[in-house]
Each structure stands twice: as structure tokens, then as C-alpha cells.
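Student:
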Amino acid sequence: MTFLRRTLQQAVFPLVFSAALAVPAATTLQGQAPREGRTLVSLNPLGLPFKYVSGEVEQKVSAIATIGGSASYLDIGDGSYSSFEAKFRLYPNEQAFKGFSIGIAAGISRVAESFSNAQDRSESAPTIAVIADYNWLLGKTERVLVGTGVGAKRIFGDDAGFSDVNFAYPTLRFQVGVLF
Numbered sequence: 101m102t103f104l105r106r107t108l109q110q111a112v113f114p115l116v117f118s119a120a121l122a123v124p125a126a127t128t129l130q131g132q133a134p135r136e137g138r139t140l141v142s143l144n145p146l147g148l149p150f151k152y153v154s155g156e157v158e159q160k161v162s163a164i165a166t167i168g169g170s171a172s173y174l175d176i177g178d179g180s181y182s183s184f185e186a187k188f189r190l191y192p193n194e195q196a197f198k199g200f201s202i203g204i205a206a207g208i209s210r211v212a213e214s215f216s217n218a219q220d221r222s223e224s225a226p227t228i229a230v231i232a233d234y235n236w237l238l239g240k241t242e243r244v245l246v247g248t249g250v251g252a253k254r255i256f257g258d259d260a261g262f263s264d265v266n267f268a269y270p271t272l273r274f275q276v277g278v279l280f
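As numbered in this note's numbering, residues 101 to 280 make up the sequence shown, in order.
(1) CA-CA distance, residue 160 and residue 202?
(2) Under 8 Å, with one C-beta from each stretch per pair, do the stretch 207 to 219 and the stretch 181 to 188 reach the 3-pair mark?
(3) Relative to the alpha-carbon of residue 151, which residue among 164, 177, 270 has its alpha-carbon at the smallest distance?
(4) If residue 249 and residue 232 are in contact, beta carbons under 8 Å, what's the gap, nearest whole angstrom?
(5) Relative to the alpha-carbon of residue 303, which residue among 222, 237, 215, 252 has its alpha-carbon at the smallest distance?
(6) Assess, as a yes-or-no matter, whether the stretch 212 to 228 is touched by the stretch 188 to 197 under the definition of 3 or more beta carbon pairs within less than 8 Å.
(7) Figure out for me which residue from 197, 254, 274 has the closest Cα to the Cα of residue 136.
(8) So, are the CB atoms of residue 239 and residue 275 less than 8 Å apart?
(9) For chain B, is any of its Cβ atoms less than 8 Å away from the one on residue 229?
(10) Which whole-angstrom value is the C-beta distance of residue 88 and residue 278, which I expect to be below 8 Å?
(11) Who does residue 173 pair with in a DSSP beta bridge?
(12) For residue 218, which of 242, 237, 225, 179 has the nearest alpha-carbon?
(13) Starting from residue 256, follow the beta strand (DSSP E) in both directions and report where the run begins and ends.
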């Protein structure tokens with residue numbers, strides 16, 4: 101009987117002790133609010149059928165401001181357009197990633213052309229942009245983002261062999277992403 105009792109004590113006591121510790125821990129975890137997301141990773145799914153790829157990474161630096169970067173690539177048959185920009189956004193509602201934001205961006209863009217006579221050309225130039233966006237955070241924990249926006253971008257290039265490299269144009273934004 102002593103052997104059986106000792107075996108049960110050795111097997112059951114650790115299980116009961118673990119369960120006794122786990123119940124308060126689980127209750128504490130249920131009572132805590134989910135950790136607030138500080139980093140957003142997003143992409144534009146609507147561009148894929150049009151040979152356009154766009155992605156953004158955004159980091160919260162305060163309740164009203166984020167910094168980040170975006171990259172995009174567009175294949176246009178005999179040419180391509182690619183860009184990378186650093187972005188700064190302000191959220192007037194004091195909830196970064198949520199609602200309306202205004203911002204600025206600066207970066208570099210590259211335009212390339214291919215010709216049948218093997219004369220490929222490319223031109224890279226600095227850019228500056230202004231942006232106005234609106235984001236929705238979805239789900240119970242508000243970790244899924246759907247964002248839209250408009251803006252204007254200016255490319256500062258010389259026109260050595262390209263027509264109108266120094267110009268401004270409107271931009272549109274549609275992003276789907278996740279907060280971490």
C-alpha cells in the first residue's frame with residue numbers, strides 16, 4: 101500500500117499543483133487587454149493582376165505619429181517603374197494606424213525602357229509626395245487593416261533621353277495588412 105500511495109502522490113501531486121497554478125494564470129490572461137500593435141505590414145492585393153506590386157511597413161512612434169517605408173514595382177510591357185519612399189504620417193485623432201492621416205514621403209523612383217535593338221535605358225530620380233489616407237482596423241483585436249488614400253508625387257529628374265521625367269502625378273492607395 102505504501103508503494104501505491106507513494107506512486108500516486110508522485111504522479112497526482114504535480115498535476116494538482118500545476119492545475120492550481122494554471123487556473124489563476126489563465127484568469128489573469130483573460131482579464132488583460134490584448135497588446136497594442138506597433139508595426140504594420142501591408143500590401144496592395146488589387147495590383148497583382150495588373151503586374152503592380154506595392155507594400156508598406158509602418159512603425160508607431162507615438163499615439164499620433166508613424167514612420168515607415170513603401171516600395172512598389174509596375175511592369176508596363178517594354179518598360180518598368182519602381183520606387184522606394186520613406187514616409188511620415190500624422191493621425192489627428194491620436195490613434196496611430198486608425199482613421200484619417202496626413203503625411204509626407206521622400207524617396208527615389210526608377211523608370212526603365214527596353215527596346216528591340218538592345219538599347220535599354222533607365223533613369224533614377226528623387227521624389228517627394230504628400231499623402232492623405234484613411235485606415236480601418238477590423239476584427240475583435242483590431243489587428244487587420246484596410247486602408248485607402250490619395251496623394252500627389254513629384255519626380256525630380258532630368259529628361260536625358262526620356263520625355264517628361266520631371267513631373268508630378270496623382271497617387272492612389274489601397275492596402276490590406278496586419279498589425280504586430
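Don't be surprised by glycine CBs; every beta carbon is placed ideally from N, CA and C. Computed from a predicted structure; not experimentally measured.
Tutor: Let me lay it out:
(1) Here residue 160 is taken as the residue at index 60 of the sequence shown, counted from 1. Here residue 202 is taken as the residue at index 102 of the sequence shown, counted from 1. Residue 202 has its alpha-carbon roughly 14 Å from the corresponding atom of residue 160.
(2) Taking 8 Å as the limit for Cβ pairs, the verdict is that the stretch 181 to 188 does touch the stretch 207 to 219.
(3) Within the sequence shown, residue 151 is the residue found at index 51, counting from 1. Selected option, being the one with the closest Cα: 177.
(4) The residue given as residue 249 occupies position 149 in the sequence shown. The residue given as residue 232 occupies position 132 in the sequence shown. That belief holds up - the Cβ atoms of residue 249 and residue 232 are roughly 6 Å apart, short of 8 Å.
(5) Limits of the chain in this structure are 101 at one end and 280 at the other, which puts residue 303 out of reach.
(6) Output reads no: the stretch 212 to 228 does not touch the stretch 188 to 197.
(7) Position 36 of the sequence shown, counted from the start, is the residue given in the question as residue 136. Ranking the options by Cα distance to residue 136, first place goes to 197.
(8) Numbered from its first residue, the sequence shown carries residue 239 at position 139. Numbered from its first residue, the sequence shown carries residue 275 at position 175. With contacts defined as CB atoms closer than 8 Å, residue 239 and residue 275 fail to qualify as a contacting pair.
(9) Note that chain B does not occur in the displayed structure, where there is just one protein chain.
(10) For the chain, the structure presents residues 101 to 280; residue 88 sits outside this window and is missing.
(11) Numbered from its first residue, the sequence shown carries residue 173 at position 73. Answer is 153, 182, bridged to residue 173.
(12) Stepping through the sequence shown from its first residue, residue 218 is reached at position 118. Measuring from the Cα of residue 218, the nearest candidate turns out to be 179.
(13) Indexing the sequence shown from 1 puts residue 256 at position 156. Counting along the chain, residue 256 sits inside no beta strand (DSSP E), nor does DSSP assign it H or E at all.
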